[in-house]
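In the working numbering, the protein residues as written are 55 to 169.
Shown next, in structure tokens, is the structure this report addresses.
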Amino acid sequence: RDAESERLRTEVDRLSAEVARRSASTDAATVHALRSSLRSVRSENDSALAAKAALEATVQSLRRDAADLNAAELMAKAQLRNREARLEQAHNALNAVAAERDRIVDERNVQIERL
Numbered sequence: 055r056d057a058e059s060e061r062l063r064t065e066v067d068r069l070s071a072e073v074a075r076r077s078a079s080t081d082a083a084t085v086h087a088l089r090s091s092l093r094s095v096r097s098e099n100d101s102a103l104a105a106k107a108a109l110e111a112t113v114q115s116l117r118r119d120a121a122d123l124n125a126a127e128l129m130a131k132a133q134l135r136n137r138e139a140r141l142e143q144a145h146n147a148l149n150a151v152a153a154e155r156d157r158i159v160d161e162r163n164v165q166i167e168r169l
């Protein structure tokens, strides 16, 4: 788009110079046509610049959205790691309780055998 803007600016400059040159020696109809062409090129340039600005705003918005998604992904991964760690702790506690239960059952069985 920058190349297109530069091309349009060059065309505006060329037409402006042409209008100035012909104004003194050309009939009013030709000057009017050149001025109309100049207005058209300026309008096209303004439209191109407006489109470029809108595109840049969209790109900025998409970049913000991508950053937000990245932050959300990092947070979700951290929560998952935290839950996995808590699950591991619960599993270890359950194994400890089961081992203690087994020890008590074994101890009781030994006492029953002695009776």
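Just so you know, even glycine gets a beta-carbon here, dropped at the ideal spot from N, CA and C.
Since the model is a prediction, treat every value here as computed from it, not as a measurement.
Per DSSP, reduced to three states, the secondary structure at Leu-169 is coil, with no helix or strand assignment. The Cβ atoms of Glu-65 and Val-85 lie no closer than 8 Å to each other.
Runs of the beta strand (DSSP E) lying entirely within the segment 112-162 and spanning at least 3 residues: none are present.
The straight-line gap separating the alpha-carbon atoms of Glu-72 and Arg-89 is approximately 10 Å.
No Cβ-Cβ contact shorter than 8 Å links Ala-102 with Leu-69.
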